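For the sequence shown, my numbering assigns the number 14 to the initial residue and increments by one for each residue that follows.
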Amino acid sequence: MTSEHPWRCLVNQHSRTDAYTDRYAARAAGMVASEIRALFAVASRPEVVSLAGGMPYVSALPLDAVGEMVGELVARNGAEVLQYASAQGDPLLRERICEVMALEGVQASADDVVVTVGAQQALDLITRIFVDPGDVVLAEAPSYVGALGTFASYQADIVHVPLDDGGLIPSALRETLERLRREGRRVKFLYTVPTFQNPAGVTLTTARRAQILDICTEYDVLIIEDNPYGLLGFDGEPMRALRADDPDRVLYLGSFSKTIASGLRVGWALAPHAIRAKLVLAAESAILCHPSFSQFAVREYLGTQPWREQIKDFCELYRDRRDAMLEALEAMMPEGCTWTRPAGGFFVWLTLPEGLDAKAMAPRAIADRVAYVPGTGFYADGSGHRHMRLSYCYPEPNRIREGVRRLAAVVEQEIQLRDTFGGVEATSPTGVDTPGPGVV
């Protein structure tokens, strides 16, 4: 057995020479597994408390009832369930998707819904039909790592717009758009997760939503509203979606990964009619059609199971876990650390004191049996070294408390090292970091 640290072994596996380098397309140049992605192979060990993965707690589903439902579905409709399907998606499922979006004020026709393999495929299809190499895409800072990876894969120029506890900052958006206009650069779209944002956990306020729509109308910018967490609020009714107030400018992306089960990989895009047609053509060229089985399973679940009550159960479960994390952070985290206080969703965004580097600290945290996602993965330029994303959706509350205790001890050690030897200098940005599907 080698004495080398396990994460170093994992990183070294990816350093071998690639004999096919000169054959790849230019857009494949940045498609490399990061060292952070390698770390998460170690983080999945049972002795490690993972505060990293954005995985829904699917064990809270009534699995016996779901299993019986799926068995009956195959027994009754097996020939249809196991056959090819339309690239736009099952018509009845699309109607039920419209019923789900209506909870957020969205009035839509099933004809303008395109079913996708999770919202991630919707992001890919939209970027494919809109973005040429060098085109500008605006994204929140920080922003969802899966979106940044998609934009980078199509060689977009990602320009960040900062957010704060109230979500995307309208004045910063206007300043950015004005600067790009002066430079003669056209923005293809603004990408935003306005409700319970990934990774920051913040929510765009009602007043700001109107301002963002007005600014994008003034500068003629499309908006991609990614809303997988919108129904997972802990207090009150769901926020009104951006799409509800501007159906011609906003492309709405939704997913059942957080409200039913991520393994089904069923999401959707709601788009203006002309864009919808392009999305269907792009989907046909990518995958021919979407899996019938997953679509029929979701359709059946929405039609036969008490899904609204189940979402309420999820909200209560995640609220308890959110509370456990916030209480533990307040009690244990060293002075100088700050964090967001989400009103829903899965994530807390923690900022370390000056001179600390979350990415450099990650291997030491793993060695002390706790995992998080360094903030660098959520910035296109590799910045965000003082930040980390903590997820409370999957571990039990006591496990969350133990994970925060371990993390606080690591941070305390880093502060002592900083005070003794000086702060850590951030490493040079290397582009979009991609921790992988288990961390979304």
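Beta carbons are placed, not taken as given, at the ideal position from N, Cα and C, and that holds for glycine. In this text the structure is predicted, and so the values were computed from the model without any measurement.
Counting only the Cα atoms, Thr-208 lies some 20 Å from Gln-323. Fully contained in the segment 270 to 318 are the following beta strand (DSSP E) runs of length 3 or more, in chain order: 280 to 283. Arg-262 carries a coil assignment under DSSP once its states are collapsed to helix, strand and coil. Linking Met-252 to Cys-350 through their CA atoms gives a straight-line distance of about 29 Å. As the crow flies, the alpha-carbon of Val-149 is around 10 Å from that of Phe-143. When rounded, the separation of the alpha-carbon atoms in Ser-270 and Asp-432 is 44 Å. Here Thr-205 is buried. Its C-beta has 16 or more other C-beta atoms within 10 Å. Judged by DSSP secondary structure, Met-401 falls within the beta strand (DSSP E) whose first and last residues are 400 to 404. For Val-83, the CB contacts under 7 Å within the same chain, skipping 5 residues up- and downstream, are Ala-310 in chain order. In this structure, DSSP gives Gly-246 an extended state, which the three-state scheme calls strand.
Secondary structure of Ala-39 (DSSP, three-state): helix. Contact between Leu-176 and Ala-213 holds, with the beta-carbon distance rounding to 6 Å and staying under 8 Å.
For the pair of segments examined, the segment 277 to 295 was found to touch the segment 131 to 141: the number of CB pairs separated by less than 8 Å reaches three.
About 6 Å separates the CB atoms of Phe-360 and Asn-211; that is less than 8 Å, so the two are in contact. Around the beta carbon of Tyr-331, 16 or more other beta carbons lie within 10 angstroms, which makes this residue buried. With 16 or more neighbouring CB atoms inside 10 Å of its own CB, Gln-101 falls in the buried class.
If the five residues before and after Glu-313 are omitted, its C-beta is found closer than 6 Å to the C-beta atoms of Met-82, Leu-86, all from its own chain and listed in chain order.
Residue burial is scored here from C-beta neighbours: Leu-151 has at least 16 other C-beta atoms within 10 angstroms and is therefore classed as buried. Thr-205 sits in a strand when the DSSP states are folded into three classes. Proximity to Thr-216 across Lys-201, Ser-307, Asp-178 peaks at Asp-178, based on C-alpha coordinates. The three-state reading of DSSP puts Thr-140 in helix, counting H, G and I together. By the CB criterion at 7 Å, Ala-375 and Pro-387 fall inside the cutoff.
Of Ile-288, Gly-147, Glu-108, Leu-420, the smallest CA-CA separation from Ala-169 is found for Gly-147. Just measuring C-alpha positions, the residue of Asp-227, Val-158, Leu-283 sitting nearest Tyr-265 is Leu-283.
Annotation for Glu-425: the continuous alpha helix (DSSP H) segment containing it runs 410 to 434. Here the segment 245 to 264 lies against the segment 115 to 125, with 3 or more beta-carbon pairs under 8 Å apart. Of the other Cβ atoms in all chains shown, fewer than 16 fall within 10 Å of the Cβ of His-286; this residue is therefore exposed. The criterion of a C-beta distance shorter than 7 Å is not satisfied by Val-94 and Ala-274.
Ser-57 and Arg-321 have their alpha carbons spaced roughly 32 Å apart. Close CB contacts of Leu-294 within its chain, under the 7 Å cut and outside five residues either way in sequence, are absent. In this structure, Leu-74 sits away from Leu-292, with a CB-CB distance that is not shorter than 7 Å. For Phe-360, the uninterrupted beta strand (DSSP E) segment begins and ends at 360 to 364. The beta carbons of Ile-237 and Cys-229 sit no closer together than 7 Å.
The criterion of a C-beta distance shorter than 7 Å is satisfied by Arg-382 and Val-61.
Following the DSSP letters along the chain, one finds Pro-175 inside the beta strand (DSSP E) bounded by residues 170 to 177. Between Ser-166 and Phe-391, the C-beta spacing is not below 7 Å.
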